[in-house]
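K.L.:
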Amino acid sequence: MTASRITPCLWFDKEAEEAATFYASVIPDTRIDSVERAPGDYPAGKSGDVLMVELTLGGMKVTAMNGGPFFKFNEAISLQLSVEDQAQLDHLYSALSAVPQAEQCGWIKDRYGLSWQLVPKAFVALMKDPDPAVRTRVFEAMMPMKRLDIAALEAAARG
311 MTASRITPCL WFDKEAEEAA TFYASVIPDT RIDSVERAPG DYPAGKSGDV LMVELTLGGM
371 KVTAMNGGPF FKFNEAISLQ LSVEDQAQLD HLYSALSAVP QAEQCGWIKD RYGLSWQLVP
431 KAFVALMKDP DPAVRTRVFE AMMPMKRLDI AALEAAARG
């Protein structure tokens with residue numbers, strides 16, 4: 311299998327390295343691969359400032375760029391993170407969610423304004439159940455949830 315030719319680039323004001331370090335401390339299979347610094351002074355900064363950070367984020371290559379205050383993250387794009395179990399889900403909610411009022415159906419917003427979808431593997435499996443009544447019950451149980459509750463979703467599946 312060849313490596314992907316697409317690398318998402320996340321635009322930060324000046325927090326690319328800080329964000330990459332934070333994500334590496336919270337998200338499994340995440341590490342900083344390289345940091346590119348400005349070789350000289352430039353209109354928006356000075357020599358040695360971080361320009362780009364290449365990281366592996368949850369196993370995917372991503373670039374974090376310090377591009378200035380011109381653009382902000384919004385809900386038009388989010389990163390979907392597959393989660394093993396309720397303990398990991400709860401840990402990631404606590405670590406990543408910085409805007410509780412933005413939480414809905416497993417969606418959260420982090421301290422940098424980036425939106426995430428925390429998706430338990432159990433939820434994906436339940437939504438692929440061959441019985442449409444099971445899928446409907448699981449979906450209806452999920453809709454009012456802020457943070458997903460795997461046990462409650464499984465109970466809804468059982469009816």
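With the working numbering applied, the sequence shown corresponds to residues 311 to 469, in that order. Yeah, the Cβ is synthetic: ideal placement off N, Cα and C, and Gly gets one too. All figures in this text were calculated on a predicted structure; none of them were measured in a lab.
1. Can you pull the DSSP bridge partners for Glu346?
2. Which same chain residues, not among the five before or five after Gln396, have their C-beta less than 8 Å away from its C-beta?
3. Ala334 and Ile342: beta carbons closer than 8 Å?
4. Arg341 bridges to which residues according to DSSP?
5. What residue does the alpha helix (DSSP H) around Val336 start on, and which one ends it?
6. Pick from Val336, Met375, Glu325: whose alpha carbon is nearest that of Ala405?
7. Going by CA-CA distance only, name the one from Arg468, Cys319, Tyr403 that's closest to Phe381.
8. Do Glu364 and Ser344 have their beta-carbon atoms positioned less than 8 Å apart in this structure?
9. Any contact between the region 366-380 and the region 428-443? By contact I mean 3 or more CB pairs, one from each, below 8 Å.
10. Which partner residues of Asn376 appear in the DSSP bridge assignment?
11. Fully enclosed by the region 386-458, which beta strand (DSSP E) runs are 3 residues long or longer?
12. Rounded to whole angstroms, what is the Cα-Cα separation between Thr433 and Asp441?
13. For Ala408, which residues of its own chain have a beta-carbon under 7 Å away from its beta-carbon, when the five flanking residues on both sides are left out?
14. Would you kindly work out how many angstroms separate the C-alpha atoms of Trp426 and Trp417, rounded to a whole number?
P.N.:
Reading from the atomic positions:
1. Met362
2. Pro430, Asp459, Ile460, Ala461
3. yes
4. Thr366
5. 326-336
6. Val336
7. Cys319
8. yes
9. no
10. Phe322
11. 388-393, 417-419, 425-430
12. With the sequence shown as reference, residue 433 is identified as Phe, and Thr is not the correct amino acid for it. Using only the alpha carbons, I get a separation of about 14 Å.
13. Lys419, Asp420, Arg421
14. 6 Å
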